[in-house]
Amino acid sequence: MAALTGLTFGGKTWTPKFAQEIDKDKCIGCGRCIKVCGYSVLDLKALNEEGEFVEDEEDDEIERKVMVVANPDNCIGCEACARICPKNCYTHAALNN
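Using this note's numbering, you'd call the opening residue of the sequence shown number 1065 and step up by one each time.
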């Protein structure tokens, strides 16, 4: 199968790689990635002591917050999030047609 490719401004072939997941054990919730993403792909979510996501962020059970790929359909495959991540938490993949 052929992969989705594009061209850079200079005419070079470029294959976008889309955000698949973020390793919640590595993520420190620093927020750098959400600042560089202009497409609302990411969201900061709360975790409890057991490592489970907490819906009510006002709850006292919150241990820490981590980033999640909340809107993967918005991702354009630029990988800016992974390049700025200090903990190398991201998994990206090319789209195969």
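Where is the CB? At the ideal position from N, CA and C, for every residue including glycine.
Coarse secondary structure for residue i, derived from DSSP in three states
i: Met1065; result: With a pLDDT of only 46 at Met1065, under 50, the local geometry of the prediction cannot be trusted, and the value read off the model is given with reservation. Met1065 falls in the coil class under three-state DSSP.
i: Ala1146; result: helix
i: Asp1087; result: coil
i: Lys1151; result: coil
i: Ile1126; result: strand
i: Val1132; result: strand
Whole-Å CB distance - residue i paired with residue j, under 8 Å assumed
i: Lys1151; j: Lys1090; result: 5 Å
Nonlocal neighbours in the same chain, by C-beta distance under 8 Å from residue i, ignoring five residues either side
i: Thr1077; result: Thr1069, Gly1070 and Leu1071
i: Lys1102; result: In the sequence as presented, Lys is not what sits at residue 1102; that position holds Gly. Cβ within range, chain order: n/a, list empty.
i: Cys1142; result: Pro1080
Separation of residue j from residue i, as counted between CA atoms
i: Glu1116; j: Cys1149; result: 22 Å
i: Glu1119; j: Asn1138; result: 22 Å
Identified DSSP bridge partners for residue i
i: Phe1117; result: Leu1111
Residues near residue i in its chain [Cβ-Cβ closer than 7 Å; skip 5 each side]
i: Ile1092; result: Lys1151
i: Cys1153; result: Ile1086, Asp1087, Lys1090 and Cys1091
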